[in-house]
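Student:
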Amino acid sequence: MKQKFNQGGRPHKINPAAYRYVVRFDAAENGVFLTLYEKSGAINKATFIKNVLLGKSFKVFVVDENTRVFIDKLSSFNSQYRTIGIEYNTVVKTLREDFNEKKAMKALYKLEQLTIELVKLNREIVALAKDFDERWSQKSL
Numbered sequence: 001m002k003q004k005f006n007q008g009g010r011p012h013k014i015n016p017a018a019y020r021y022v023v024r025f026d027a028a029e030n031g032v033f034l035t036l037y038e039k040s041g042a043i044n045k046a047t048f049i050k051n052v053l054l055g056k057s058f059k060v061f062v063v064d065e066n067t068r069v070f071i072d073k074l075s076s077f078n079s080q081y082r083t084i085g086i087e088y089n090t091v092v093k094t095l096r097e098d099f100n101e102k103k104a105m106k107a108l109y110k111l112e113q114l115t116i117e118l119v120k121l122n123r124e125i126v127a128l129a130k131d132f133d134e135r136w137s138q139k140s141l
């Protein structure tokens, strides 16, 4: 009976990649190649080239800086609305406690009108965001 002794080293690959090819690009072609490679998000250039040559599908993600800024601004509105709501409650409590009924009602009327304007503005923002989403968001096919 033969015994296999461990000779050390790394185990052999089942399907080694032994065939290599060389591609040469000029400066303009290299610029286009690098742009496509960066957009693809591939792990390395060899994997990217294999996927392109062998027709495997790959995704290209494009991050638009303006879109990111727009989304950041929209998300900051939520915290601002929360702050306005807290301040609104504080103002109403203060009016009720510190002012007579006539002055409080006058101030509450002004506050109500400003709140209505804020709601209208919020609806316009939501409409603009939906319009932006319909025009510029990437839809998966």
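The sequence shown begins at 1 in the working numbering and counts up one residue at a time.
Even glycine gets a Cβ: it sits at the ideal position worked out from N, Cα and C.
Everything numeric in this text was worked out from a predicted model, so none of it was measured.
#1: So, under 8 Å CB-CB, Leu118 and Val91 are touching, yes? Tell me the CB distance rounded to an integer number of Å.
#2: Does the Cβ of Phe48 have 16 or more other Cβ atoms within 10 Å, making it buried, or fewer, making it exposed?
#3: Do Ala107 and Leu121 come within 7 Å of each other at the CB atom, strictly closer than that value?
#4: Identify the continuous alpha helix (DSSP H) that holds Lys103 and give its terminal residues.
#5: So, Ala129 versus Leu74, is the Cβ gap smaller than 7 Å?
#6: Expressed to the nearest angstrom, what Euclidean distance is found between the alpha-carbon atoms of Pro16 and Val32?
#7: What three-state label does DSSP hand Tyr19 in the structure shown?
Tutor: Per the coordinate set shown:
#1: At roughly 14 Å, the Cβ-Cβ gap does not stay under 8 Å, so Leu118 and Val91 are not in contact.
#2: buried
#3: no
#4: 101-136
#5: yes
#6: 30 Å
#7: coil
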